[in-house]
Amino acid sequence: MKMIVAVIKPSRLDAVLEAVTEAGASGLTVTEVRGYGRQRGKTEVYRGAEYEVKLLPKVKLEIAVPSDIANAVVEAVARTANTGKIGDGKVFVLDLEQALRIRTGDKDAAAIAG
């Protein structure tokens, strides 16, 4: 099993959700986060005053999937989150050691299946 963690632009969320579902992911967790990478924030003007926004709004997706569809899910995220501009985000793939569905006691692959 793999845990895919993706940090993307909020504007791309709906397209990414649709794409990862088509790729075979049965569920995911979405968190609104703030951060920066190479972009290092941006400068904005409000009522004539210029100010710097250091932490930009992003969306963090956490997707637990069986190992055999992990590459397809990563490709789906990368393809649909890409705008070609700085700040598109990152995707991290981690080994998932164990999973447990609390209600039924299902473990591992059964716990993350739809």
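Letter by letter, the sequence shown follows residues 108 to 221 of the working numbering. Ideal placement from N, C-alpha and C gives every residue a C-beta, glycine not left out.
Counting Cβ pairs, one atom from each stretch, are 3 or more of them under 8 angstroms apart for the stretch 201-217 and the stretch 162-170? No: the two stretches stay apart, fewer than three of their Cβ pairs being nearer than 8 angstroms.
R52, DSSP secondary structure in three states: What the structure shows of the chain is the stretch from 108 to 221, and residue 52 is not part of that stretch, so it cannot be assessed.
Can you tell me where the alpha helix (DSSP H) holding E129 begins and where it ends? It spans 120-130 - the alpha helix (DSSP H) in which E129 sits, taken as one unbroken run.
Would V200 and V181 qualify as a contact pair, given that the criterion is a beta-carbon distance under 8 angstroms? In this structure, V200 places its C-beta atom within 8 angstroms of the C-beta atom of V181.
Contact check, K116 vs Y143, beta carbons under 8 angstroms: Cβ atoms of K116 and Y143: not closer than 8 angstroms.
Completely contained beta strand (DSSP E) runs for the stretch 158-202, where each covers 3 or more residues: Here the runs fully enclosed are 163-172, 196-202.
Is the beta carbon of A220 less than 8 angstroms from the beta carbon of M108? M108 sits away from A220, with the two beta carbons spaced by 8 angstroms or more.
Own chain partners of A217 with C-beta closer than 6 angstroms, once the 5 adjacent residues on each side are dropped: In its chain, beyond the 5 residues on either side, no residue has a beta carbon closer than 6 angstroms to the beta carbon of A217.
Spell out the partners DSSP gives L207 in its beta bridges. According to DSSP, L207 shares a beta bridge with K214.
Alpha-carbon spacing of D175 relative to S118, whole angstroms: When rounded, the distance between both Cα atoms is 29 angstroms.
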